[in-house]
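Chemist: Just dropping this structure here.
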């Protein structure tokens, strides 16, 4: 058997259904002679007979009957898979994987504008803080952090990711924070979600080194495994957290958080839109991507004001 036998197997299934080469030929738009020849060649390749040929009728051999049964199931499964793939291609449902902190702090407040622009688009958000596997997780697209992304997917940069201390106005009023060295006197809040393969305090250590601060021990900080929880702790006045740009700038602009120091740590990372290369031209994917790019431009304009 080889790949060239596949059309012959389909011809056999049709002939087995009708128990007639003439009726099979009519369904397949072939001549009766072509069907008969394909079945004979298939029998030669298989090494056994599929039909008992009488003068005016056909009957399946026991081996032919078993093969026809299995092939019918196989072709039915194949037809079902092809139809499913076509539906996925034409579907307006997009499953978008987003890191939980980015979803709650940046994406959720803006989703209403996506619905207004594309009311027929059905977006399914899947919160996920691990590296995305599009095939395994059945994900159409993702917003990922470049620090955690590796692979050959189609990617588009969305937002830069700078890191700097933030706290609530009430906390700043109650504590004197004139220079970064004053952090030695206040509770720190740590987000270790991005640094699972490094020191859990890697971001604080990097920022303190950038600010040339000595004597502050990040290991005494209260730690969270999600950035939005660390931001919420800062909003609640529990200490000074390191804010990632997209997670805190709305709160800074609206006065719920403030940035006590000017020093910013640029880790070179960005938030990316990612999808499989074969999905990049799908209309729903382009609708989501174009909307995200517009929202990021709007966001950067607001932050710059």
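Numbering (this note's numbering), first residue to last: 1368 to 1672.
Ideal Cβ positions, reconstructed from N, Cα and C, are used throughout, including at glycine.
Computed from a predicted model, the values in this text were never measured in an experiment.
Taking all protein chains shown into account, do 16 or more other C-beta atoms lie within 10 angstroms of the C-beta of residue 1373, making it buried, or fewer, making it exposed?
Modeler: To locate residue 1373, count along the chain shown from 1; it is residue 6. Residue 1373 comes out exposed.
Chemist: How about residue 1607 and residue 1534: are their beta carbons less than 7 angstroms apart?
Modeler: One-based indexing of the chain shown puts residue 1607 at position 240. One-based indexing of the chain shown puts residue 1534 at position 167. The answer is yes: Cβ separation under 7 angstroms.
Chemist: Does any CB atom of chain B fall closer than 7 angstroms to the CB of residue 1612?
Modeler: As a matter of chain content, chain B is missing from the structure shown, which is built from one protein chain.
Chemist: What does the alpha-carbon distance come out to for the pair residue 1660 and residue 1584?
Modeler: Indexing the chain shown from 1 puts residue 1660 at position 293. Indexing the chain shown from 1 puts residue 1584 at position 217. Looking at the two C-alpha atoms, the distance is approximately 39 angstroms.
Chemist: Residue range of the beta strand (DSSP E) that residue 1419 falls in?
Modeler: For the purposes of this step, residue 1419 is identified with residue 52 of the chain shown, where counting begins at 1. Its beta strand (DSSP E) spans residues 1418-1420.
Chemist: Rounded to whole angstroms, how far is the Cβ of residue 1673 from the Cβ of residue 1397, which I believe are closer than 8 angstroms?
Modeler: Since the first residue shown for the chain is 1368 and the last is 1672, residue 1673 is missing from the structure and cannot be characterised.
Chemist: Secondary structure at residue 1566, three-state DSSP: helix, strand or coil?
Modeler: As a working mapping, residue 1566 is identified with position 199 in the chain shown. The answer is coil: DSSP assigns residue 1566 none of H, G, I, E or B.
Chemist: Which runs of the beta strand (DSSP E), 3 residues or longer, sit entirely within the stretch 1474-1530?
Modeler: 1489-1494 and 1508-1512
Chemist: Considering only the beta carbon of each residue, do residue 1464 and residue 1594 sit closer than 7 angstroms?
Modeler: One-based indexing of the chain shown puts residue 1464 at position 97. One-based indexing of the chain shown puts residue 1594 at position 227. No, they are not a contact pair.
Chemist: Our contact map puts residue 1474 next to residue 1658 with C-beta atoms below 8 angstroms; I'd like the distance itself, whole angstroms only.
Modeler: The count along the chain shown starts at 1 and reaches residue 1474 at position 107. The count along the chain shown starts at 1 and reaches residue 1658 at position 291. In fact, because the Cβ distance is near 11 angstroms, the residues do not count as touching under 8 angstroms.
Chemist: Once DSSP output is grouped into helix, strand and coil, what is the label at residue 1357?
Modeler: Because the chain in this structure spans residues 1368 to 1672, residue 1357 falls outside the shown range and cannot be described.
Chemist: Residue 1479 and residue 1538 look like a contact to me (Cβ under 8 angstroms); what is the Cβ gap, rounded to whole Å?
Modeler: On the chain shown, position 112 is the one that residue 1479 refers to. On the chain shown, position 171 is the one that residue 1538 refers to. About 31 angstroms separates the two Cβ atoms, so there is no contact after all.
Chemist: On the three-pair Cβ rule with 8 angstroms, is the stretch 1648-1656 touching the stretch 1539-1553?
Modeler: no
Chemist: Would a C-beta distance cut-off of 7 angstroms place residue 1439 and residue 1380 closer than the cut-off?
Modeler: The sequence position of residue 1439 within the chain shown is 72, counting from 1. The sequence position of residue 1380 within the chain shown is 13, counting from 1. Contact flag set, yes.
Chemist: Check residue 1637 in the structure and name its three-state DSSP category.
Modeler: For the purposes of this step, residue 1637 is taken as the residue at position 270 of the chain shown. In the structure shown, residue 1637 sits in a strand (DSSP, three-state: E or B).
Chemist: Report all residues from its chain with a CB closer than 8 angstroms to the CB of residue 1578; omit the five preceding and five following residues, and keep chain order.
Modeler: Taking the chain shown and counting its residues from 1, one reaches residue 1578 at position 211. Around residue 1578: 1547, 1628 and 1630.
Chemist: Starting from the C-beta of residue 1588, find all residues in its chain whose C-beta is less than 8 angstroms away, skip the five residues before and the five after it, and write them out in chain order.
Modeler: Numbered from its first residue, the chain shown carries residue 1588 at position 221. So the list reads 1554, 1555, 1556, 1557, 1568, 1571 and 1606, once near-sequence residues are dropped.
Chemist: Scan the stretch 1596-1641 and note each continuous beta strand (DSSP E) run of 3 residues or more that stays entirely inside, going in chain order.
Modeler: Every beta strand (DSSP E) stretch that sits fully inside the stretch 1596-1641 and reaches 3 residues is listed by chain position as 1607-1611.
Chemist: Using 7 angstroms as the threshold, is the C-beta distance between residue 1511 and residue 1639 below it?
Modeler: For this step, residue 1511 is matched to residue 144 along the chain shown. For this step, residue 1639 is matched to residue 272 along the chain shown. Yes. Within cutoff.
Chemist: Taking residue 1586 as part of the alpha helix (DSSP H), name the residues at either end of that continuous run.
Modeler: Taking the first residue of the chain shown as position 1, residue 1586 is located at position 219. Segment: none, residue 1586 is in no alpha helix (DSSP H) and carries neither H nor E.
Chemist: Using the rule of at least 16 other Cβ atoms within 10 Å of the residue's Cβ for burial, across every protein chain shown, is residue 1389 buried or exposed?
Modeler: Here residue 1389 is taken as the residue at index 22 of the chain shown, counted from 1. When all chains shown are included, residue 1389 counts as exposed.
Chemist: Below 8 angstroms on the Cβ atoms is my guess for residue 1611 versus residue 1530; work out the distance and round it to an integer in Å.
Modeler: Reading the chain shown from its first residue, position 244 is the one you call residue 1611. Reading the chain shown from its first residue, position 163 is the one you call residue 1530. Indeed they touch by this definition, with Cβ atoms about 6 angstroms apart.
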